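Reading through the C-alpha cells given below for one structure.
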Amino acid sequence: MIELLKDLWNFLRERKKWWLLPVILVLVLTGALLVLTSGTAVAPFIYTVF
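Note that my numbering numbers the sequence shown so that position 44 is 1298, with each residue one more than the last.
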C-alpha cells in the first residue's frame, strides 16, 4: 500500500498533474465513508445522499 502511495505521489509530482489530487481524495473519502457506515444505523441516511 505504501508503495502505491509513493508511486502515485511521484506521478503527480513529475507530471504536474496536481488537479488529480482533489479527485483522488474525494474518491477515497467517499469510499471510506461508505465502507465505515455500511453496518451502522446511519447507513440508510448516507445512501440517500448518493
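Note that CB positions come from ideal geometry on N, CA and C, so glycine has one too. Keep in mind the model is a prediction, meaning the values are calculated, not measured.
So, are the CB atoms of L1274 and L1283 less than 8 Å apart?
Mapped onto the sequence shown, residue 1274 falls at position 20. Mapped onto the sequence shown, residue 1283 falls at position 29. No, they are not a contact pair.
Output the distance between the C-alpha atoms of K1270 and L1262, rounded to the nearest integer angstrom.
Translated into the one-based positions of the sequence shown, residue 1270 becomes position 16. Translated into the one-based positions of the sequence shown, residue 1262 becomes position 8. Near 12 Å, if we compare the C-alpha coordinates of L1262 and K1270.
C-beta atoms of I1300 and L1287 nearer than 8 Å
Residue mapping note: residue 1300 aligns to position 46 of the sequence shown, counting from 1. Residue mapping note: residue 1287 aligns to position 33 of the sequence shown, counting from 1. Yes, these two residues count as a Cβ contact at 8 Å.
According to DSSP, is V1296 helix, strand or coil?
As a first step, residue 1296 is located in the sequence shown; it is residue number 42 there, counting from the start. Coil, per DSSP.
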